[in-house]
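J.: Sharing a structure here in structure tokens format.
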Amino acid sequence: MFRIFKVTDDGDGDFFENEFHTRKSARQFCKKLFDRAAGQLNLIIVHPDGTEEKFVGYA
710 MFRIFKVTDD
720 GDGDFFENEF
730 HTRKSARQFC
740 KKLFDRAAGQ
750 LNLIIVHPDG
760 TEEKFVGYA
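Positions in the sequence shown are counted from 1; adding 709 to them yields the numbering used here.
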């Protein structure tokens with residue numbers, strides 16, 4: 710399962726409760742959050758194998 714980690718300004722963070730079956734659905738969730746926050750979020754998608762992918766918007 711893919712999980713989303715939100716990094717706060719002080720460097721701490723927390724996982725969202727949502728888990729996603731595909732990378733695509735995780736990225737769509739991040740995109741919606743990113744749009745609502747006007748790009749002011751630091752989000753990391755954590756893959757099932759432990760790989761971390763920083764979400765940078767529309768890339």
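By construction, the Cβ of each residue, glycine as well, lies at the ideal position given by its N, Cα and C atoms. In this text the structure is predicted, and so the values were computed from the model without any measurement.
Tell me which residues share the same chain as THR739 and place their Cβ nearer than 7 Å to its Cβ, disregarding the 5 neighbours each side in the sequence.
T.: Reading the sequence shown from its first residue, position 30 is the one you call residue 739. The amino acid occupying residue 739 in the given sequence is Cys; Thr does not appear at that position. Only ILE713, LEU752, ILE754 and PHE764 meet the Cβ criterion.
J.: Give a yes or no on whether the C-beta atoms belonging to PHE711 and PHE729 are separated by under 8 Å.
T.: Position 2 of the sequence shown, counted from the start, is the residue given in the question as residue 711. Position 20 of the sequence shown, counted from the start, is the residue given in the question as residue 729. The answer is yes: Cβ separation under 8 Å.
J.: Quick check on this structure: which residue in ALA735, LYS741, LEU750 and ALA747 has the alpha carbon closest to the alpha carbon of PRO757?
T.: The residue given as residue 757 occupies position 48 in the sequence shown. It is ALA735.
J.: Tell me which residues share the same chain as ASP723 and place their Cβ nearer than 7 Å to its Cβ, disregarding the 5 neighbours each side in the sequence.
T.: The residue labelled residue 723 in the question sits at position 14 within the sequence shown. Excluding positions up to five away in sequence, the list reads LYS715.
J.: Following the continuous alpha helix (DSSP H) through LEU742, name the residue where it begins and the one where it ends.
T.: Mapped onto the sequence shown, residue 742 falls at position 33. Looking at the DSSP string, the run of the alpha helix (DSSP H) that includes LEU742 is 732-745.
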